[in-house]
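Visitor: Sharing a structure below in structure tokens format, with a few things to ask.
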Amino acid sequence: MPRIPSRFIPVLLVLAGALFYFPFLGRVHLFDWDEINFAESAREMIVTGNYTRVQINFQPFWEKPPLFFWLQVLAMKAFGINEFAARFPNAVMGIVTLLVLYFVGKKSVDERFGLLWALAYFGSLTPHLYFKSGIIDPTFNLFIFLSVWLIAQAVSAYGTSKATRLAAFSGLFVGLAVLTKGPVGGLLVGLTFLIYWAIQRFRPILSFLNGLLFFGCGLAVASVWFGLELVKNGFWFFEEFFRYQIRLFSTPDAGHQQPFYYHFVVVLLGCFPMSLLAIRGFFSGARPDFNGPAFRRWMIILFWVVMILFSIVKTKIVHYSSMAWFPVSYLAATVLYQYLNGALKWNRWLTIGIAVIGGVLALLITALPLVGMNAADLIPYIKDRFAAANLTAPVEWQGWEWIIGTVYGLIILGLLVLRQKRPVGSVVTLFLATPVLLWFVLPAIVPKIERYTQGAVIDFYEAKQGQDVYIEPIGYKSYAHLFYFRKQPPTNPNSYREDWLINGLVDKPAFFVTRNINIDQYRYHPNLEIIREEAGFVFLRRKPAFK
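In UniProt numbering, the protein residues as written are 1 to 547.
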């Protein structure tokens, strides 16, 4: 790679992150469920002034601890309650992650390896995209990675005073991970450590005191919230919290039951192009020769812990396996490092994989605008009534958007042709092509897709802001009405009951939203009046029973 002065590399990474992560954060509405769910919990903290209790719909929210919501609250205090603020913390974490990967890679091998590692993460599809989202995982994953990195360094420094300091910092970061997403943070680090220890035949790798310090620091940080809740509310909150965690692992959440191999497919396709390189990196020959090769073992263990654990979990969502992106990017960087140093030959299967997955991605991005521009002609062939109705949304395409995907496909093809003549330039361009693709897709295509999927219903909620009415979705799960209606704490506890809102003596107008596939059970209800149908959504009204 071209020689870049050391002092400029961190600045370059910060500028790259700022250029690619911050633009267009507020260009599109938050997506149901997770993005809106988390932003709404932060909003409710601001509305109620209660920053210790995580809530959704002004009721206890058992799923997540508060750290990420605190970060969103700070952003909302600075930028207002909006999409930009909800996604701002992860954009910051994106820049921090690039710097962490660079400095860890530099310490492990050299500057080139650190830069390749950061480039692999920056230039892959879902790892890049999630830093522009409002979900918890990018922040959680960084804390887990730092904890694993530090405990690995503590093990390498076994028997020295340095190990004590490293174990303490590792505990601090695992505590932050637990504060971000719950006990799964401790589980991931703990399983990774135990498996590494088992591979070492349970020889001493960390002193008892350092292990106790690690555990104590993690517990102390996590107790910032868990301990406070225990003192204020007793054990009932913890019983509900841990009951939910067990249910999440043992039973599938609605709509999220997937086959065992689901996360392997997600990582392979979603982490393009670094996932293809990482496959080669699993083989022992594809690694840099540096002091401390044990860290490669830590990364491989972490990968399998994440993939197997979340393949066993009944509920499967794309970002559940996102912690695997760190070891995947590490393994990809080892292959790139060897390849650019001439110690590893390019594999034809890499060429085929990049051509196939890159080509499919290019075709998909090209096809989406063409589908939108010809939606009326396609509707008769779509069997799903709700999806077909989504395509009736009034979305204006400019007519040039398909060029984005086509140009991306041509770039991938050109890189494969020129790879042998310009290996360094081809590698850099390969990992810059996807961020540039997303830089154009996010403002030009994603807002239009969002208009099809949820634009009508969010417009309806925003139009009702400030009105003294009830608004609820019926027949399907959603958090959109809470955030975009700006729901205030309810004064009538009956308003949480759907049967009361539909059949009870409501004290103010009530509005309901359902999907066209669910409308039959409400269409002829004597208390409900259909006021509009748009893009697959049906809007109903109920007048107050008394004034």
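Think of the CB as a built atom: it goes at the ideal place given N, C-alpha and C, for glycine as much as any other residue.
Computed from a prediction, not measured in an experiment: that's the story for all the values here.
In whole angstroms, what is the alpha-carbon distance linking Pro369 and Pro443?
Guide: Translated into the one-based positions of the sequence shown, residue 369 becomes position 369. Translated into the one-based positions of the sequence shown, residue 443 becomes position 443. Roughly 13 Å separates the two Cα atoms.
Visitor: Throw me the rounded Cβ distance for the Cys271 and Trp325 pair, which I believe falls under 8 Å.
Guide: In the sequence shown, the residue the question calls residue 271 occupies position 271. In the sequence shown, the residue the question calls residue 325 occupies position 325. The pair is a contact, with the Cβ atoms about 6 Å apart (cut-off 8 Å).
Visitor: I need the straight-line Cα distance from Ile56 to Phe483, nearest angstrom please.
Guide: As a position in the sequence shown, residue 56 is number 56, starting the count at 1. As a position in the sequence shown, residue 483 is number 483, starting the count at 1. The alpha-carbon atoms of Ile56 and Phe483 are separated by roughly 10 Å.
Visitor: Taking only three categories from DSSP, how would you classify Gln153?
Guide: Within the sequence shown, the letter at position 153 stands for residue 153. The answer is helix: DSSP assigns Gln153 an H, G or I state.
Visitor: Specify, as a first and last residue, the run of the beta strand (DSSP E) that Ala362 falls within.
Guide: The residue labelled residue 362 in the question sits at position 362 within the sequence shown. Looking at the DSSP string, Ala362 is not in any beta strand (DSSP E); the run it does join, the alpha helix (DSSP H), is Arg348 to Met373.
Visitor: Determine, using beta carbons only, whether Ser133 and Asn82 come nearer to each other than 7 Å.
Guide: Your numbering for residue 133 matches position 133 in the sequence shown. Your numbering for residue 82 matches position 82 in the sequence shown. No, they are not a contact pair.
Visitor: Can you tell me whether Arg542 is helix, strand or coil according to DSSP?
Guide: Here residue 542 is taken as the residue at index 542 of the sequence shown, counted from 1. Here Arg542 sits in strand by DSSP.
Visitor: Where Asn518 and Ala177 are concerned, what is the direct C-alpha to C-alpha distance, given to the nearest angstrom?
Guide: The residue labelled residue 518 in the question sits at position 518 within the sequence shown. The residue labelled residue 177 in the question sits at position 177 within the sequence shown. Approximately 40 Å between the Cα atoms of the pair.
Visitor: For the alpha helix (DSSP H) that contains Glu450, what are its first and last residues?
Guide: Counting from 1 along the sequence shown, the entry for residue 450 is found at position 450. From DSSP, the alpha helix (DSSP H) with Glu450 extends over Val446 to Glu450.
Visitor: Rounded to whole angstroms, what's the CA-CA distance from Thr192 to Thr366? Just pull it up for me.
Guide: The count along the sequence shown starts at 1 and reaches residue 192 at position 192. The count along the sequence shown starts at 1 and reaches residue 366 at position 366. The straight-line gap from Cα to Cα measures roughly 41 Å.
Visitor: Just to confirm before moving on: does the CB-CB distance between Trp397 and Gly372 stay below 7 Å?
Guide: As a first step, residue 397 must be located in the sequence shown, where it is residue number 397. As a first step, residue 372 must be located in the sequence shown, where it is residue number 372. Cβ atoms of Trp397 and Gly372: closer than 7 Å.
Visitor: Give, in chain order, every unbroken run of the alpha helix (DSSP H) that is at least 4 residues long and sits entirely within the segment 489-523.
Guide: Entirely contained in the segment 489-523, the alpha helix (DSSP H) runs reaching 4 residues are, in chain order, 498-503.
Visitor: Would you mind giving the Cβ-Cβ distance between Phe485 and Tyr452, rounded to the nearest angstrom? I have them listed as a contact below 8 Å.
Guide: If you number the sequence shown from 1, residue 485 lands on position 485. If you number the sequence shown from 1, residue 452 lands on position 452. At roughly 21 Å, the Cβ-Cβ gap does not stay under 8 Å, so Phe485 and Tyr452 are not in contact.
Visitor: Leaving out five residues before and five after Ala86 in sequence, what residues of the same chain have Cβ atoms less than 8 Å from its Cβ?
Guide: On the sequence shown, residue 86 is found 86 positions in, with the first residue counted as 1. Once the five neighbours on either side are set aside, the close Cβ partners of Ala86 are Leu30, Glu35, Phe38, Ala39, Ala42, Gln72, Ala75, Met76 and Gly134.
Visitor: In angstroms with no decimal places, state the Cα-to-Cα distance between Val428 and Asp384.
Guide: As a first step, residue 428 must be located in the sequence shown, where it is residue number 428. As a first step, residue 384 must be located in the sequence shown, where it is residue number 384. Near 42 Å, if we compare the C-alpha coordinates of Asp384 and Val428.
Visitor: Check whether the segment 114-125 touches the segment 151-166, taking contact to mean three or more Cβ pairs, one atom from each stretch, closer than 8 Å.
Guide: In short, these stretches do not touch, since the Cβ pair count stays below three.
Visitor: Identify the continuous alpha helix (DSSP H) that holds Tyr261 and give its terminal residues.
Guide: What you label residue 261 is simply residue 261 of the sequence shown in a count that begins at 1. Here Tyr261 belongs to no alpha helix (DSSP H), and DSSP marks it neither H nor E.
Visitor: What did DSSP end up calling Gly292 once you bin it into helix, strand or coil?
Guide: For the purposes of this step, residue 292 is identified with residue 292 of the sequence shown, where counting begins at 1. The pLDDT assigned to Gly292 is 47, lower than 50, so where the model puts this residue is not dependable; a value taken from the coordinates is nonetheless given after this. Here Gly292 sits in coil by DSSP.
Visitor: Roughly how many angstroms separate the alpha carbons of Val469 and Phe512, rounded to a whole number?
Guide: Locating residue 469 in the sequence shown gives position 469, where the first residue counts as 1. Locating residue 512 in the sequence shown gives position 512, where the first residue counts as 1. Going by the C-alpha atoms only, they are around 11 Å apart.
Visitor: Nearest-angstrom Cα distance between Pro544 and Phe440?
Guide: The count along the sequence shown starts at 1 and reaches residue 544 at position 544. The count along the sequence shown starts at 1 and reaches residue 440 at position 440. Rounded to whole angstroms, Pro544 to Phe440 spans 47 Å at the Cα level.
Visitor: In the DSSP assignment, find the beta strand (DSSP E) that holds Glu529 and state where it starts and stops.
Guide: Reading the sequence shown from its first residue, position 529 is the one you call residue 529. First-last of the beta strand (DSSP E) with Glu529: Glu529 to Glu534.
Visitor: If you count every other CB in all the chains shown that lies within 10 Å of the CB of Gln454, and 16 or more means buried, which is it?
Guide: Numbered from 1 along the sequence shown, position 454 holds the residue referred to as residue 454. Gln454 comes out buried.
Visitor: Helix, strand or coil: how does DSSP classify residue 563 here?
Guide: A query on residue 563 cannot be resolved here, the shown segment of the chain reaching from 1 to 547 and no further.
Visitor: Restricting to Cα atoms, I'd like to know which of Leu228, Leu309 and Phe283 is closest to Phe264.
Guide: Your numbering for residue 264 matches position 264 in the sequence shown. Selected option, being the one with the closest Cα: Leu309.
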